[in-house]
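The sequence shown begins at 232 in the numbering used here and counts up one residue at a time.
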Amino acid sequence: MKVSQILNNNVAIVSRGDNEVIVYAKGLAFRKKVGQVIHENEIEKTYVLDSNDMLEHFSYLLSHSDANHITLINQIIAYGEEKLSEQSNDYLSLTLLDHIEFALKRAAKGQFIRSPLTWEVKKFYPQHFDIGMYALNLINEQFQLTFPEDEAVSIALHFVNLQEDKNNLDETIRSMESLRDILSIIQYHFQIKLDEGSMNYMRLMTHLQYFIQRIMTKNSDEESDTILNEQIKLMYNDSFECVQKIRVYIQQKYACDLTVDEETYLMLHIHRVTNRSQKERT
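Structural data, given as structure tokens:
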């Protein structure tokens, strides 16, 4: 592969077929010149990007990055790949590098960002949060810093977005926020704290995750059992009133309404989880 551009002693842009890619290794480009050849066995990491804008952006980033930072990123990603049993892509390496470089600049000024999703990521993505904590411990140790675990959440979200069967990161965050908000509505309505270790709570969580997914994709079952719905309303009026608050929330956030069956199942799950919690309080 012929060198197209030398970015620094460790990074160069090379021609590979009809495309240009970024290659990295410590000392890789030292004493190299444009037009000279870099062999595969000299390269530690190759970054393949699908647009000139991205190539330009990340070329600048890599050319101004400390080689130790890149080594750190490679270490984090290797741990994440093993943890998730999934191969990462080049964008993850580069966006994570971008994130951590900026985080280190913030830390130098004593600026630490609070994450509104700490609870959600811990709860629904424990493996990804573990990766974030692994990264955080490496960063704190290497740079003698004390980043809060909120930073681990931000790093974890990069790995959440990596998985192909997930929607994009914005939708993942929106889904987690909705789950948190609905749980808050339930707890506020009944003035209780739900037992997160109970089986009924786990069932409610599973139902809500699928419920929110259906709402976001507008993929709701058209069939409805109105007779059962009316019976449940009469039996569990408190749960019915709570679901009406959830209905308003869904209408405002997603501009759609609950189906009859969604209303019914929500009432049933809410009754089960709150009835148990209320009994334990008395």
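C-beta: ideal position from N, C-alpha, C; glycine also.
Residue i (DSSP reduced to helix, strand or coil)
i	result
GLU427	coil
LYS233	strand
ARG262	coil
ILE416	helix
THR437	helix
TYR278	strand
MET498	helix
Pick from the options that is closest to residue i, judged by C-alpha positions
i	options	result
ALA256	LEU293, HIS389, LEU280 and ARG405	LEU293
ARG445	ASP426, SER409, ILE417 and TYR419	SER409
LYS353	GLN440, MET407 and VAL252	MET407
ASP281	GLN475, ASP321 and GLN373	ASP321
LEU439	HIS389, THR457, VAL504 and ALA260	VAL504
ASP426	LYS233, GLN267, ASN506 and PHE261	ASN506
THR302	MET285, SER324, PHE442 and TYR291	SER324
GLY248	LEU238, ALA260 and LYS233	LYS233
ASP401	LEU348, GLN375 and PHE374	LEU348
SER470	HIS420, LYS449, ASP488 and GLY428	HIS420
HIS295	HIS330, THR457, LEU238 and ILE304	LEU238
TRP350	SER385, ILE331 and LEU328	SER385
LEU315	HIS389, ILE413 and TYR441	HIS389
MET430	ILE501, ASP284 and GLY258	ILE501
LYS336	ILE370, LEU465, ASN305 and PRO357	ILE370
GLU275	MET285, ALA383 and GLY258	GLY258
Bounding residues of the beta strand (DSSP E) (the contiguous stretch that carries residue i)
i	result
TYR255	250-255
ILE244	242-247
Contacts around residue i, its chain only, beta-carbon distance under 7 Å, and the 5 residues preceding and following it disregarded
i	result
SER235	ILE244, VAL245, SER246, GLU251 and VAL265
LYS484	SER409
CYS487	ILE446, LYS449 and ILE481
Contact set for residue i: own chain, Cβ-Cβ below 6 Å, skip 5 residues either direction
i	result
ARG345	ASP381
ILE307	ALA366
N-terminal and C-terminal residue of the alpha helix (DSSP H) that residue i is part of
i	result
GLN482	468-485
THR340	Position check: residue 340 holds Lys in this sequence, whereas Thr was assumed. LYS340 -> no alpha helix (DSSP H), and no H or E assigned at all.
GLU312	298-315
TYR365	357-374
VAL456	First, the residue type needs correcting, since residue 456 is Asp and not Val in the sequence shown. Per DSSP, ASP456 belongs to no alpha helix (DSSP H) and is neither H nor E.
PHE289	283-294
ILE386	381-393
Chain-order list of residues whose beta-carbon lies under 8 Å from that of residue i (same chain, five-residue window excluded)
i	result
ASP396	Note that ASP396 scores a pLDDT of 47, beneath 50, so its modelled location is shaky; the value from the coordinates is reported in the next line. Closer than 8 Å at Cβ, skipping near neighbours: no residue.
ILE416	CYS473, LYS476, ILE477 and TYR480
Taking one C-beta from the segment 415-435 and one from the segment 496-507 each time, how about it: are there three or more such pairs within less than 8 Å? Put simply, the segment 415-435 touches the segment 496-507. At least three CB pairs are less than 8 Å apart.
Indicate whether the contact test is met: 3 or more Cβ pairs, each with one atom in the segment 360-372 and one in the segment 310-323, closer than 8 Å. With a cut-off of 8 Å, the segment 310-323 and the segment 360-372 count as touching, because enough Cβ pairs lie within range.
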